[in-house]
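Trainee: For the sequence shown, the tail end lands on 810 under the UniProt record's numbering, and the numbers increase by one without skipping.
Would you mind keeping the following structure in view while I ask a few things?
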Amino acid sequence: MSSDRCYHCQSSILSGVHIEQVIDGQGRFFCCHGCQQVSQLIHHHQLETYYTQRDATPQKVESIDRTQFLDFDIPEIQSEFVTFHPSIDEKTQASTTLSLFNIHCTACAWLIERYINTLKGIVDVQVNLTTARAHLRWQYGDILLSEILYQFAALGYPAKPFDQIEEEQINLKQSKAMLIRLGIAALASMQVMMIAIALYFLPDQSDAFHTYLRYVSLIFATPVLLYAAWPFYLNAYRALQFRQLNMDVPISLALLLAYIASAYATFTQSGEVYFESIAMFVFFLLLGRFLEQKARYQAAAQTSQLMTRMPKKARCKDGTFRLVHQLAPQDIVVVKPGERITADGIIVCGQSDVDQSILTGEPTRFLCAEGDTLYAGSTNGQGYLEIKVERPYTQWQINQIQQIQQQAQQRKSNQLRQADIIARYFVAAVLAIALFAFIFWSYQSDIDSAIWITLAILVATCPCALALAAPTALTCAQSQMQRLGLLVKHQQAVETLSQVDCWLMDKTGTLTQGEMQLESLNILDSRYSEDEVLNLIANLESHSQHPIATAFSQVQRSESQFEQPTIHPSQGISGLLHGQCWRFGHGTWLRQFVTASLNTSQLHLCCDAKLIASVTLCDPLRAGAQTFIHELKQQSRYMQIISGDHISQVEKIAKQLGISRYQGSCTPTQKLEQLQQLSTSYITAMIGDGINDAPVLAGAHLSFAMAAGTELSQQQADIIVLNTDLSAIAHAVQLAKRTQRIMRQNTAWAIGYNLTVLPLAFMGLLAPYIAVIGMSASSLLVLMNSLRLLRAKQLTQPIKAASLCPASLS
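What follows is the structure, encoded as structure tokens:
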């Protein structure tokens, strides 16, 4: 390594600076102590592979002061961008999304992930090179956020909390820059094409005039080559530094060869010029990428604009306005008719109809009143509402959805990884064929023909369509699933969903609403009326938190002061009233107190030894459960209910839904064992909602967690069901299979197109400008085919809600 270049950042070392470190037995020289420190970190953690993998040199590292990050440890500041999660080991975990700086290539992402994951207390870090963002999760209390940010900076990649508004400004700036480049290419193309017409179709003009027109074409083509096409060179340069090939390598090579050949022909006044092909080539390429950018934005619009639909300020009850991220629990906000709801909270005054489709995908409005929970981003109807903020800003449902969507973009599916590999090898093959064609036609014809044919091959066979075949379809599918009320946590889930042939599901809270309701009441003592019996039961159950108590929570009860209320776990509840002992519970428990015959499948109310009434409760099916099961029966080989509830209750639901396989009284271990047996023969999917479902959710090939379920079950799941209508899952299965068909169509078209145009270009039957149009049209065709997924209206028909207010992500 030369001593005049920094070993780490490759910057020139200033005269008089001598910073040397012996690494692997060799003296390494650095431009500053910051680069020396980073290099020491890399070698200390045995991450030297970074230096052989990187495709761009990092920026010079400045000295880092730890104190500049201390403010990020202040709880009030963290509340704006840090989310807290309970974990299995009862330690609190925290997560956030960071914007990264100085990140250039896959080696940078690799280095960050490898190094940060070695820090004590780090649970996981995932870097998205495309968005220059990192999703970070750590054990809160084991390591400070300021220390993590310091380690990012010390490694040479400063990080700060992700800001949606700032991100939008960056995207807008990039779009404007692309439009400027596109405009320059368009104007130059028009001028050069007019000159080309004069050159080709006015052969009687003098040599001096032809030379003049060539020089004018050169002048117009130069800014196109040097400015409009600059992103292609930059991407190609980075790839070649990394000793890899991407689709910009043949594009850059074609442009530079055509320009050099044309400039040589202009200066020597011999041979052909290709300035019009250069200008048109760049114009169509930029146009294709601009349209691709717009198409991807359209596909991800619902995802990316979630936070933009949120009001920036909230109207407080005292008449003042506050930024929404500054709201704290117990604050009271006011929402007028037609306004967006500004915080997750509980209604303390007023009632209204509320549209929560932005979060759940359900277009049906919910009638909400005092005591009901509402979520930020929803739209208020005709009523006036006062809402008490329930939890900090980072724990609001809309923020959690946004965070999960960002995580989903970090992880590539198997199909995307395979497409990247194929595209890389495809580029190498194209370059080899182009080189062979140039040599072959140089001997068979002349240099001009060889250059023309080589350019056509390099342009026509660009693997853009192949590279777009999978990601555009998956992006559209994720956006459409969001409209269905399904939050996909990673793209691999879409691929797996299309292959599932075994469905396992919990009962309570999954197939059913998880809320007990009164089905029938049989009065056995004529001294009591129905209202009196319900009043007695409701007053007894008011002392219990059992799900059975929810069936009587809406009873309008008068005061009956039970003394010594006692809960008998798994049996019932008892209390004293006017010297008499009242009991309400299962028949198996009450048999010891009364002489009457008791139905063990019912609940009974007794006064001392006298049977007063018998009650039958039910847990209603979720909306769409019948449709969901019917659709899955047509597509799956195996279906089973595995529940911890009593077998009699499981059997009742199974018969209602027409499911022949079911198990009751299952422990989490038994559920997992059943799943493992089936996983050897089937692609399994599990749907659950409780803590006891977390192990089997983690073990299935694909898992769904209900939004009303526990946070632990949602952490283990691949897809979170925000929609209360189960038919959304059946629609998602259809969508996943349609996505796979479109991906196969895209891939077949991309491969078929290249196999068709390659021999035509090799034989000299394809002009370069025709090759440009064909290549751009091929990419756009793949994009338009993928966008058909967004127009699948049959998958997003309005669906009826099963409850007034869907529960939030815990």
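Ideal Cβ placement from N, Cα and C applies to all residues, glycine included.
Taking the alpha-carbon positions, what's the Ile-457 to Met-763 distance?
Mentor: Distance between the alpha carbons of Ile-457 and Met-763 is about 10 Å.
Trainee: Flag Met-763 as yes if its beta-carbon sits less than 8 Å from any beta-carbon of chain B, otherwise no.
Mentor: In the structure shown, chain B does not exist; there is a single protein chain.
Trainee: Taking buried to mean at least 16 other C-beta atoms within 10 Å of its own C-beta, is Gln-78 buried or exposed?
Mentor: Buried, because 16 or more other Cβ atoms sit within 10 Å of the Cβ of Gln-78.
Trainee: From Val-324 to Ala-314, what distance separates their C-alpha atoms?
Mentor: Answer to the nearest angstrom: the Cα atoms are 6 Å apart.
Trainee: Tell me the rounded alpha-carbon separation between Gln-564 and Leu-605.
Mentor: When rounded, the distance between both Cα atoms is 17 Å.
Trainee: Which term fits Arg-28, buried or exposed, when burial requires 16 or more other beta carbons within 10 angstroms of its beta carbon?
Mentor: Buried is the call here.
Trainee: Going by beta-carbon coordinates alone, are Leu-486 and Leu-722 separated by less than 8 Å?
Mentor: For Leu-486 and Leu-722, yes; Cβs fall inside 8 Å.
Trainee: Measure the beta-carbon distance from Thr-739 to Ser-442 and round it to whole angstroms, keeping in mind my assumption that it falls under 8 Å.
Mentor: Contact doesn't hold; Cβ gap of about 46 Å is too wide.
Trainee: Which residues share a DSSP beta bridge with Thr-379?
Mentor: Bridge partners of Thr-379: Arg-340 and Asp-355.
Trainee: When the Cα atoms are used, what is the spatial distance from Asp-4 to Phe-30?
Mentor: Roughly 9 Å separates the two Cα atoms.
Trainee: Tell me, please, whether the region 623–631 touches the region 646–660 by the rule of three or more beta-carbon pairs shorter than 8 Å.
Mentor: Result yes; three or more Cβ-Cβ pairs closer than 8 Å.
Trainee: Less than 8 Å separating the beta-carbons of Gln-716 and Ala-694?
Mentor: A contact, by the Cβ cut-off of 8 Å.
Trainee: Please classify Asn-522 as buried or exposed, where buried requires at least 16 neighbouring CB atoms within 10 angstroms.
Mentor: So Asn-522 counts as exposed.
Trainee: Rounded to the nearest angstrom, what separates Gln-571 and Leu-540 at their Cα positions?
Mentor: So the alpha carbons of these two residues sit roughly 14 Å apart.
Trainee: Distance, Cα to Cα, His-490 vs Ser-520?
Mentor: Computed Cα separation, rounded: 45 Å.
Trainee: If you follow the alpha helix (DSSP H) that Arg-744 is part of, which residue opens it and which one closes it?
Mentor: Arg-744 -> alpha helix (DSSP H) spans 727–762.
Trainee: Where do the N-terminal and C-terminal ends of the beta strand (DSSP E) with His-604 fall, by residue?
Mentor: First-last of the beta strand (DSSP E) with His-604: 603–607.
Trainee: Near Ala-132, what residues of its chain come up, given a Cβ to Cβ distance below 8 Å and the 5 sequence neighbours on each side ignored?
Mentor: If we look at Ala-132 and ignore the five residues flanking it on each side, its Cβ neighbours are Ser-99, Leu-100, Phe-101 and Ile-103.
Trainee: According to the Cβ coordinates, are Gln-602 and Thr-616 closer than 8 Å?
Mentor: A contact, by the Cβ cut-off of 8 Å.
Trainee: In three-state terms, what does DSSP make of Thr-67?
Mentor: Reduced to three states, the DSSP call for Thr-67 is helix.
Trainee: Compute the distance between the beta-carbons of Asp-718 and Met-706, then report whether it is under 8 Å.
Mentor: No.
Trainee: Look at the alpha carbon of Ala-300 and the alpha carbon of Gln-174, and state the distance between them as a whole number of angstroms.
Mentor: Only weak support exists for where Ala-300 lies, its pLDDT of 44 falling under 50; the value from the coordinates is given anyway. Approximately 17 Å between the Cα atoms of the pair.
Trainee: Indicate, with yes or no, if the ligand ADP has a heavy atom lying under 7 Å from the CB of Thr-67.
Mentor: Absent from the structure shown: the ligand ADP. Ligands present: none.
Trainee: Out of Ile-112, Leu-534 and Tyr-215, point me to the one whose CA is closest to Gln-191's CA.
Mentor: Closest by alpha carbon: Tyr-215.
Trainee: Write down the C-beta distance between Leu-702 and Ala-493 rounded to the nearest angstrom, noting that I regard them as a contact closer than 8 Å.
Mentor: The pair is a contact, with the Cβ atoms about 6 Å apart (cut-off 8 Å).
Trainee: Give me the Cα-Cα distance between Leu-577 and Phe-562, rounded to the nearest whole angstrom.
Mentor: Whole-angstrom Cα-Cα distance: 5 Å.
Trainee: Considering only DSSP beta bridges, list what Leu-702 is partnered with.
Mentor: Answer is Ala-685.
Trainee: For Gln-440, does the three-state DSSP call read helix, strand or coil?
Mentor: Before going on, a small fix: residue 440 reads as Phe here, not Gln. Looking at Phe-440 - three-state DSSP - the assignment turns out to be helix.
Trainee: For Gly-383 and Gly-350, what's the separation of their Cα atoms in angstroms?
Mentor: For Gly-383 and Gly-350, the distance between alpha carbons rounds to 7 Å.
Trainee: Just to confirm my understanding: we take Leu-672, look at its own chain, exclude 5 residues before and 5 after, and list those with CB closer than 7 Å. What are they?
Mentor: Closer than 7 Å at Cβ, skipping near neighbours: Pro-695, Val-696 and Gly-699.
Trainee: Taking Cβ positions, are Leu-199 and Leu-213 nearer each other than 8 Å?
Mentor: Yes, the pair counts as a contact, with Cβ atoms nearer than the cut-off.
Trainee: Let me check understanding here. Comparing Cα to Cα, which of Leu-287, Cys-581 and Gln-356 lies closest to Ile-177?
Mentor: For clarity, residue 177 is Ala in the given sequence; the question names Ile instead. Residue Leu-287 is the option with its Cα nearest to Ala-177.
Trainee: Given this structure, state the Cα-to-Cα distance separating Thr-475 from Met-481, to the nearest angstrom.
Mentor: Computed Cα separation, rounded: 10 Å.
Trainee: Which residues in the same chain as Phe-552 place their Cβ atom closer than 6 Å to its Cβ, once the five residues preceding and following it in sequence are excluded?
Mentor: Cβ neighbours of Phe-552 beyond the five flanking positions: Ile-537, Ala-538 and Glu-541.
Trainee: Between Leu-136 and Thr-83, how many whole angstroms is the CB-CB distance? I'm expecting something under 8 Å.
Mentor: At roughly 11 Å, the Cβ-Cβ gap does not stay under 8 Å, so Leu-136 and Thr-83 are not in contact.
Trainee: In the structure shown, what three-state DSSP assignment does Trp-138 receive?
Mentor: Three-state result, Trp-138: strand.
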